[in-house]
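What follows is a short report on a single structure.
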Amino acid sequence: MAYVRIETDWKYCDCRVLRLESDEIRLEIMPELGGKIYRWIDKRFDRDVLWQHPRLKPAVVVPGGCFDDRFFGGWDEQFPNDMPGSHQGESYPDHGEYWTTGFEWQVERSGDTLTLYLVAEGPVTPTRMERWITVTGGSRTTTLRYRLSHLGRHAFDYLWKLHPALNVGPGCRIVIPAERGRLAQAGCGRFSETRLDFEWPHVPGKDGELIDASVIPAGSDARGWEMLYLTRLRDGWWAILDGESRSGFGLAFDKTLFSTVWLFQTFGSWRGLNVAVIEPATGYPDTLAEASASGRLARLEPKQVVETQVTATLLTGRTAINGISRDGTVT
Numbered sequence: 000m001a002y003v004r005i006e007t008d009w010k011y012c013d014c015r016v017l018r019l020e021s022d023e024i025r026l027e028i029m030p031e032l033g034g035k036i037y038r039w040i041d042k043r044f045d046r047d048v049l050w051q052h053p054r055l056k057p058a059v060v061v062p063g064g065c066f067d068d069r070f071f072g073g074w075d076e077q078f079p080n081d082m083p084g085s086h087q088g089e090s091y092p093d094h095g096e097y098w099t100t101g102f103e104w105q106v107e108r109s110g111d112t113l114t115l116y117l118v119a120e121g122p123v124t125p126t127r128m129e130r131w132i133t134v135t136g137g138s139r140t141t142t143l144r145y146r147l148s149h150l151g152r153h154a155f156d157y158l159w160k161l162h163p164a165l166n167v168g169p170g171c172r173i174v175i176p177a178e179r180g181r182l183a184q185a186g187c188g189r190f191s192e193t194r195l196d197f198e199w200p201h202v203p204g205k206d207g208e209l210i211d212a213s214v215i216p217a218g219s220d221a222r223g224w225e226m227l228y229l230t231r232l233r234d235g236w237w238a239i240l241d242g243e244s245r246s247g248f249g250l251a252f253d254k255t256l257f258s259t260v261w262l263f264q265t266f267g268s269w270r271g272l273n274v275a276v277i278e279p280a281t282g283y284p285d286t287l288a289e290a291s292a293s294g295r296l297a298r299l300e301p302k303q304v305v306e307t308q309v310t311a312t313l314l315t316g317r318t319a320i321n322g323i324s325r326d327g328t329v330t
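When we follow numbering that gives the first Met the number 0, the leftmost residue of the sequence shown carries the number 0, and every step to the right adds one.
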């Protein structure tokens, strides 16, 4: 029977947890930790599609902390930068300001639809970020609506990334409708010692052989993490498929805003972690100065309001996929 409900009195590691649930989905959201979506349970398979760090437990983080050392997992919002540093007279913290910022929240309900509204203002940039996370009874699709408002007087460059850490294993396949990509760093993981472009999903390896980066391997002896920028998207969506269970998870987004997809992966070779992060982003590479010099980033004008919607879908009975529309239709 289709239903929706929310529970607001849960805590985990002394952090408040809001449990947004339907007959198909359960989301666990931590408003004090940047509005992080910590768990995304597919109730049909009793499986969490998001990844959590096996040794680090969630905790409120002091602004300006190192992201990698507090990479608890789940889905974070990263704005207005990735790498820490100074740009145009301002200093920006590691992976931006919002992942360490507490969000206020309220619940909106209409029939069999439940929406969690979250809002916060940036401690560094004069911005307000609003999010509406909506689940509907009987549906395996969740919508995430965003409104980003500039409250100040001066324009500034920004990188905005959606950062879902995904629970993957051997045999899983990543599907991204991209034509081209670029190595984020020479020699990272299994990949070439030269920072170069490639045709997705075939990435040159250290020995010159092409590696299919869309296939999750059983493990890797190559040291370090891997990062790719997928820069020529045919459409705005991605999916991850588990061939054994014929299930998966997919995301549809506006590629005129999120024009690039970053793919971060590690298969036990970086800090003993196994995770993939597929990140729709407003540009690349990971430093604002370099992205600005190449024109591959966005710019927020005074009083400008950016609105967008992302649709996340739990997939069933699929070993292949051709597309996901922003209304959640899967083909």
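By construction, the Cβ of each residue, glycine as well, lies at the ideal position given by its N, Cα and C atoms.
Where the alpha helix (DSSP H) containing residue i begins and where it ends
i, result
"L232", "Per DSSP, L232 belongs to no alpha helix (DSSP H) and is neither H nor E."
"L287", "287-293"
Bridge-paired residues (DSSP) for residue i
i, result
"N273", "F266"
"E129", "V118, R146"
"E278", "W261"
"V123", "Answer by DSSP bridge pairing: none, since V123 is not bridged."
"V134", "L113, T141"
"T312", "T140, G249"
"W74", "I36, P163"
"M226", "F263"
"Q389", "The requested residue 389 is not part of the displayed model; the chain covers only 0 to 330."
Length of the line joining the Cα atoms of residue i and residue j
i, j, result
"E208", "T112", "50 Å"
"R127", "P279", "20 Å"
"G242", "S213", "13 Å"
"A119", "G101", "7 Å"
"R7", "S219", "A small correction: the amino acid at residue 7 is Thr; Arg does not occupy that position in the sequence shown. Looking at the two C-alpha atoms, the distance is approximately 41 Å."
"L353", "I36", "The question about residue 353 has no answer, for the chain in this structure spans 0 to 330."
"R4", "L19", "6 Å"
"R54", "R152", "43 Å"
"R144", "I28", "15 Å"
"G33", "R189", "33 Å"
"V333", "S258", "Any question about residue 333 goes unanswered here, given that the chain covers just 0 to 330."
"G73", "K160", "14 Å"
"Y283", "A290", "6 Å"
"R233", "D81", "25 Å"
"H162", "P30", "16 Å"
"W255", "R231", "What sits at residue 255 in the sequence shown is Thr, not Trp. The straight-line gap from Cα to Cα measures roughly 12 Å."
"W199", "V260", "12 Å"
"P79", "R43", "36 Å"
"D68", "V16", "22 Å"
"V48", "A275", "11 Å"
"L158", "S90", "14 Å"
"G136", "Y2", "5 Å"
"S324", "F252", "8 Å"
"F71", "C12", "12 Å"
"V309", "K205", "36 Å"
"L147", "D75", "15 Å"
"A292", "Q264", "27 Å"
Residue i - containing beta strand (DSSP E), residue span
i, result
"Q105", "103-109"
"R181", "179-182"
"C171", "171-174"
"V202", "201-203"
"Y37", "35-41"
"H162", "160-165"
"A297", "297-299"
"Y91", "89-91"
"W9", "3-11"
"S21", "14-21"
"T190", "Before going on, a small fix: residue 190 reads as Phe here, not Thr. Premise fails: F190 is in no beta strand (DSSP E) and is neither H nor E."
"Y157", "155-157"
"I210", "209-211"
"E198", "196-198"
"G84", "84-86"
Closest residue to residue i among the options (Cα-Cα distance)
i, options, result
"C332", "I210, P216, S148", "Within the shown structure, residues of the chain are numbered from 0 to 330, placing residue 332 beyond reach of any answer."
"G316", "N80, P284, G247", "G247"
"G334", "R222, T328, P163, S324", "With the chain covering only 0 through 330, there is no way to say anything about residue 334."
"I132", "Q105, H149, L158, Y157", "Q105"
"Y228", "D206, L313, T330, T281", "T281"
"D326", "L250, N166, V167", "L250"
"A185", "W224, A164, G168", "W224"
"G95", "A1, K205, Q87, C65", "C65"
"W370", "T114, W269, R108, A311", "With the chain represented from 0 up to 330, any question about residue 370 goes unanswered, as that position is not in the structure."
"E306", "E129, A292, T99", "E129"
"T99", "D41, Q77, R270, E107", "Q77"
"H52", "N166, D156, N321", "N166"
"S109", "H86, V134, P83, G88", "V134"
Segment contact flag, the stretch 237-248 with the stretch 114-134, C-beta cutoff 8 Å, min 3 pairs: In the pairwise beta carbon analysis, the stretch 237-248 is classified as not touching the stretch 114-134: fewer than three pairs are separated by under 8 Å.
Please determine if the stretch 169-183 and the stretch 294-305 are in contact, where contact requires at least 3 C-beta pairs separated by less than 8 Å. No, the stretch 169-183 does not touch the stretch 294-305.
When the Cβ atoms of the stretch 167-176 are set against those of the stretch 57-64, are three or more pairs found closer than 8 Å? No, they do not touch.
Kindly confirm or deny that the stretch 6-26 and the stretch 138-151 touch, where touching means at least three C-beta pairs closer than 8 Å. Yes: the two stretches touch, three or more of their Cβ pairs being nearer than 8 Å.
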